[in-house]
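Here it is, written out as structure tokens:
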């Protein structure tokens, strides 16, 4: 730092050792020549000239000393300012390096945290994907127009599709029995307005199998909270509906049997009453 020398551009704007020496030489020679000319014009007496030369030398020493002091002081101030600027720049550079190092460490920590989060997210997505893929219920995403966006293997089997390409991007409505299409559309509209609901309906699969299904529909939202799809969890309730129908038919049969039994009891009672009346009439006839 103490060996600092102003560069060429800096020296043009201020003092340099070379410039100080040049100024000193010019001033010195100018003083000597000018003072000698004036001295020759003032007197020719050797004693007077000697005395004036003494005064001239003393004055020259004082003037040049002051001038050198002023010049060197200016150069020194400039040097100190440059040194202070360099020190400040070095401090700022060190601070910047420290800040960048700290930020780099923070960034590494953030990246590490993000990597851990990504790993956890990947594991969660894998786990969720496994659950959805192995769930016995149909889990699917539908658009507002009931187009199938995604569906799990159980859903493919439920609608008798052999692959995703066979059904994804196509509407579910043609497979729904006509009587339930409008209720299904109303449920989709309700979900896209933020609601939810359940519906039982019949479908006819791609291979002709008729099934009763029970579905629960919920809105699927993105990070901004906007609804992007309908999440449906659908269960095959065909066997339950068959059981319900059988139970209903059995109950109706029992009700009919009960009504018949009650009717028979009433007829038996009426018959007994008629017999009793006939017996009474017959007894009265015999007495006469």
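In the numbering used here, the protein residues as written are 219 to 506.
Virtual Cβ for every residue (Gly too), placed ideally from N, Cα, C.
Which residues mark the beginning and the end of the beta strand (DSSP E) in which residue i is found?
i	result
residue 407	Element bounds for residue 407: not the beta strand (DSSP E) but the alpha helix (DSSP H), 399 to 410.
Can you tell me the Cβ-Cβ gap for residue i and residue j, rounded? I've got them flagged as a contact below 8 Å.
i	j	result
residue 365	residue 388	7 Å
residue 378	residue 427	6 Å
residue 282	residue 246	7 Å
residue 369	residue 386	7 Å
To the nearest angstrom, report how far apart residue i and residue j are at their CA atoms.
i	j	result
residue 285	residue 253	18 Å
residue 403	residue 441	26 Å
residue 338	residue 413	31 Å
residue 471	residue 453	30 Å
residue 462	residue 341	42 Å
residue 488	residue 434	57 Å
residue 417	residue 331	44 Å
residue 243	residue 237	10 Å
residue 443	residue 460	41 Å
residue 362	residue 408	10 Å
residue 302	residue 268	50 Å
residue 358	residue 411	19 Å
residue 451	residue 314	57 Å
The alpha helix (DSSP H) with residue i in it runs from where to where?
i	result
residue 374	371 to 376
Check the DSSP bridge columns for residue i and list the partner residues they point to.
i	result
residue 420	430
residue 356	452
residue 275	BP columns for residue 275 are empty, so no partner.
residue 445	439
Report whether the distance from the Cβ of residue i to the nearest heavy atom of the ligand PLP is below 7 Å.
i	result
residue 391	Absence of the ligand PLP from the depicted structure is noted, as is the absence of any ligand whatsoever, leaving it without description.
Return the chain-ordered list of same chain residues with a C-beta closer than 6 Å to the C-beta of residue i, the five sequence neighbours on each side being excluded.
i	result
residue 436	414 and 449
residue 439	445
residue 374	none
Residues in its own chain within less than 8 Å of residue i by CB, not counting five upstream and five downstream?
i	result
residue 513	In the structure as shown, the chain begins at 219 and stops at 506. Residue 513 is therefore absent and cannot be evaluated.
Can you list, in chain order, the residues of its chain with a C-beta nearer than 7 Å to that of residue i? Leave out the 5 residues immediately preceding and following it.
i	result
residue 390	360, 364 and 366
residue 398	419 and 420
residue 278	249
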